[in-house]
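Take a look at the structure set out below.
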Amino acid sequence: MRISEAARRAGTSPRMLRYYETEGLLAPTRRDNGYRDYGAEEVLAARQIVALSHAGFPLSLIRTVLPCATESGALRACPSVAPELRRRLRDVEEQIDTLASGAEVIRSFLDNLQDVASA
């Protein structure tokens, strides 16, 4: 299928599919006219890339994890990716802590504003 249809099915843009190809994450075949030809396997891989990207995975980690993804999008046992996933989990947990601290500061400001408004 052509890139526009593959992008639609994968939930992304043709530009992103080209970028994923440039990054070595996708390898569509080429037609005689030079156009990319995406099969079901490439669309599935693109969907997985999009899902991992939306989950906050950087492309470097997607490149590592993608070979371990199954058709359902789950990760099969790939012990080699465990250290990277642990690092990513730590990063996400740190971001959550930072955001929670920021939310607490905002709550405090709002509480102070309510106290001033009711005085």
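Residues in the sequence shown are numbered from 141 upward in steps of one, following the numbering used here. Ideal placement from N, C-alpha and C gives every residue a C-beta, glycine not left out.
DSSP-derived helix/strand/coil call for residue i
i      : result
Arg148 : helix
Ala195 : coil
Arg176 : strand
Ala217 : coil
Ala185 : helix
Arg142 : coil
Arg203 : helix
Unbroken alpha helix (DSSP H) run spanning residue i, endpoints
i      : result
Val256 : Ala222 to Ser258
Met156 : Pro154 to Thr162
Sequence-distant residues of the same chain with beta carbon closer than 7 Å to residue i, five excluded per side
i      : result
Tyr178 : Met141, Ile143, Ala146 and Pro168
Leu201 : Glu224 and Arg228
Gly151 : Arg187 and Val190
Own chain residues within Cβ distance below 8 Å of residue i, not counting five before or after
i      : result
Gln183 : Correcting the residue type first, residue 183 is Val in the shown sequence and not Gln. Correct list, in chain order: Met141, Ala146, Arg149 and Ala150.
Phe197 : Val205 and Arg228
Sub-7 Å separation of residue i and residue j beta-carbons
i      : j      : result
Val205 : Val221 : yes
Leu166 : Ala195 : no
Glu163 : Leu199 : yes
Close Cβ partners of residue i (< 6 Å) along its chain, the five nearest in sequence each way excluded
i      : result
Pro154 : Ile143, Ser144 and Ala147
Phe249 : none
Cys208 : Leu215, Arg216, Cys218 and Val221
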